[in-house]
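Taking it in order: structure first as structure tokens, then the write-up.
Protein chains in written order, with this note's numbering: chain A, 6 to 335; chain B, 10 to 523.
In structure tokens:
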């Protein structure tokens, strides 16, 4: 049953802003995502060239080799403007924090078996630095990319990665392994098993083409690392020691499942724009995948022993499937 | 038995683990290649660890607080819109405040969002990087909530619908654009002084308080809620700007002259930018909060003096322009409003001659200047308007090469004389509104020769709607400016007789009478 509540109706003069009506091809109401995103970045009549990069405009599509007829085709299927993003993350952190509280309260974390802790300390804790690298790299894309569609989504990804680095740190603190966090940092800086990955992360920090960096960081490296650790290794540790680790890594798992939808949509839109993009993306993906596999191989071996190579191969197949679905031959 | 003793982390220690302990000095790539911009401005930083975090907010807490604020804010916006809240504002002239705000503010918040992303990428220390990236996403919040709060007004009133198109084309928005373009094209430290310190700390109250209090005083719950909701973000931004200044000054004595020059430059540039905010306070708000002069006295003269006293221990002096702004506070809002009134064909908002009681309010608030210099001009215009001879200045303005405002301010010490300055650089003459702008130019001429001045560019055929053939034999430069701006003529000219005025009156009757 519905009630017939009345409000005063006034006929509006228009439904939306001019730039959105032209984009939609009709004067009709636009979503808050569109209002917050589309056509907002200045594109003309810049006053000055950057003193830090005089060969480009402040915002300049030539900062990437990718070309787009419409940069706002790089839409976010999650429709994250700030409000939607922060509400989604607010909910995720609430659940994750409740899990941490429960694990702390019941002693599940401190009581996690020593063999399990050893794996967490050696394999998971150093990843807080990888997340920090991703934070830096996404802030580069947020800064120098073209159009608000991609710049805002990467600004949020940048904060997400800071959050993930902090959730991994919190994992160490919960397990009562503060010293292990220091050891993990030492391992990240010096242990041979991590140097390949650190080398790659640092190489990414000096990549100039922001779209290439997007492919390397957000698609290839994270596309292999997250399934490897938060699915495969998590399953293995759960089988041995109960599901505590699933609780304490919940944020990362939920985040990744959601984030791939956006990453894949961006690649798909860029590949669909023109054949040169598609070829370039295929080339970038192949290179980044190869390098990622090389540098993750020792980490996979550390985590899975002799089966490391086979597990890594499984997640490579997943990545290839994602690329194919985005219309990029690999 | 395991005898390990649990370590308890203090708040500061825990925050350090959560932020700067994540960072490392790169070795496979040299640090100066990873962070290439921190050196070229001449600022010397010896120890990034000395950075004191101005606030300690981990991401879980950030998301929690911000989500709560967003939930409340959008619930209020929805309710306000559903209930035709736009009809509860004091009178329809208030819509013109929103037009001025929508054109000038969200586009600049967007530049702040991008600029802070850039600084967040370039700072070497993890402390400032985290604070800057947080400010970057906050600035996304601000331009988006501002657009969302005004979106419903746009459905009912003219002159707001093309703000995105006009942000880079409309002549009077060029001063704000040049302000942020200038900051974002400078290096990371100058950006922090320009936006983080001069704008967000020294001048923010004069931007923020008038618009938000103006909304509250005039029944605009949408804009008011956006403003109040942004307050705690702004408090964080202010502490970041101040910490950045202190950090630079504590790191090396050689930084002082550079920082001082930036403080002088950006306080002046900000002051020029705020002339239109002052005009809004004194002329456009139907229900006034206070005069611009009073706001300037509280927020700049008193609070600013206290701030610069506090910074004196680092050797920082009050900005060079301090005395001139005090003299100008009694003039600039009147000069600005008269300037806009004289251009009825060229702005997407309405102007009007203040009502008699409003003229009296101005006399009371500006006892030294209003009756002597400005009331006679306004009364003359009023008489001419009523006689069917409305003043309309159809000429191109002369703009300052630095701040891009139209040259209309008076000679210091002589309100009856307009202030012009000029300089010759590489054989070409450049014009300025003031000594301060001239000095800014002379410090960095290669930068400021680039300024995009639409009154010049239009005559060069660079301001034409898409598809114009500038080589056609009958081409007349600037003849199609309205199309170039996408300006709705219903939105311009006099408020009296406007469609906004008629619609508001009719809709309010519909909502309040049977």
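Every residue, glycine too, gets a C-beta built ideally from N, C-alpha and C.
Values in this document were obtained by computation on a predicted structure and should not be read as measured data.
For residue j and residue i, the rounded distance between their alpha carbons
i              : j              : result
residue 290(B) : residue 284(B) : 10 Å
residue 380(B) : residue 296(B) : 21 Å
residue 149(A) : residue 65(A)  : 8 Å
residue 73(A)  : residue 35(A)  : 23 Å
residue 201(A) : residue 193(B) : 36 Å
residue 461(B) : residue 96(A)  : 46 Å
residue 506(B) : residue 362(B) : 13 Å
residue 606(B) : residue 455(B) : Absent from the structure is residue 606(B), since the part of chain B shown begins at 10 and ends at 523.
residue 473(B) : residue 179(B) : 12 Å
residue 66(B)  : residue 21(B)  : 11 Å
residue 179(A) : residue 168(A) : 16 Å
residue 286(A) : residue 217(A) : 8 Å
residue 268(A) : residue 277(A) : 14 Å
residue 12(B)  : residue 119(A) : Unreliable positioning characterises residue 12(B) in this predicted model, as indicated by a pLDDT of 46, which lies under 50. The coordinate reading is nonetheless provided below. C-alpha separation (whole angstroms): 14 Å.
residue 206(A) : residue 134(A) : 9 Å
residue 55(B)  : residue 465(B) : 46 Å
residue 266(A) : residue 79(A)  : 12 Å
Outcome for residue i when other beta-carbon atoms lying within 10 angstroms are tallied against a minimum of 16
i              : result
residue 257(B) : buried
residue 433(B) : exposed
residue 13(A)  : exposed
residue 320(A) : buried
residue 389(B) : exposed
residue 120(B) : buried
residue 350(B) : buried
residue 207(B) : buried
residue 69(B)  : buried
residue 250(B) : buried
residue 70(A)  : exposed
residue 10(A)  : exposed
Contacts around residue i, its chain only, beta-carbon distance under 8 Å, and the 5 residues preceding and following it disregarded
i              : result
residue 35(B)  : 43
residue 109(B) : 285, 289, 293, 358
Helix, strand or coil at residue i [DSSP, three-state]
i              : result
residue 135(A) : helix
residue 419(B) : strand
residue 434(B) : strand
residue 508(B) : helix
residue 246(A) : helix
residue 167(B) : coil
residue 360(B) : strand
residue 424(B) : strand
residue 10(B)  : Summary for residue 10(B): the model assigns pLDDT 40, below 50, so the residue's position carries little reliability; its value from the coordinates is reported in the next sentence. Correct three-state label for residue 10(B): coil.
residue 441(B) : strand
residue 503(B) : strand
residue 408(B) : strand
residue 262(B) : coil
residue 264(A) : helix
Neighbour list for residue i in chain A, Cβ cutoff strictly below 8 Å
i              : result
residue 456(B) : 53, 56
residue 208(B) : Simply none; closest approach about 17 Å.
residue 163(B) : 19, 21, 22
Listed by chain order, chain B residues near residue i by CB distance under 9 Å
i             : result
residue 12(A) : 91, 92, 93
Contacts of residue i in chain A (Cβ-Cβ under 9 Å)
i              : result
residue 157(B) : 37, 40, 41, 86, 88
Close-in-space but distant-in-sequence residues of the same chain around residue i (CB under 6 Å, 5 per side omitted)
i              : result
residue 237(A) : 316
residue 84(A)  : 38
residue 270(A) : 82
residue 245(B) : 64
residue 170(B) : 163
Neighbouring residues, chain A, relative to residue i (Cβ below 7 Å)
i              : result
residue 303(B) : Per Cβ cutoff of 7 Å: no residues; residue 303(B) is ~33 Å from chain A at best.
residue 83(B)  : 88
residue 528(B) : Since the first residue shown for chain B is 10 and the last is 523, residue 528(B) is missing from the structure and cannot be characterised.
residue 195(B) : 56
residue 393(B) : Result: empty, since nearest Cβ-Cβ is about 31 Å, beyond 7 Å.
Listed by chain order, chain B residues near residue i by CB distance under 8 Å
i              : result
residue 132(A) : Neighbours of residue 132(A) on chain B: none; closest Cβ ~11 Å, over 8 Å.
residue 24(A)  : 171, 173, 174
Cβ-heavy atom distance, residue i to the ligand ADP, below 7 Å
i             : result
residue 44(B) : Among the components of this structure there are no ligands whatsoever, and the ligand ADP is therefore not found.
Chain B residues whose Cβ lies nearer than 7 Å to that of residue i
i              : result
residue 66(A)  : Chain B residues near residue 66(A): none, gap ~15 Å exceeds 7 Å.
residue 137(A) : 31, 32
residue 108(A) : Chain B residues near residue 108(A): none, gap ~15 Å exceeds 7 Å.
Beta-carbon contacts of residue i that lie in its chain and below 7 Å, excluding the five residues immediately before and after
i              : result
residue 142(A) : 209, 210, 218, 222
residue 252(A) : 104, 108
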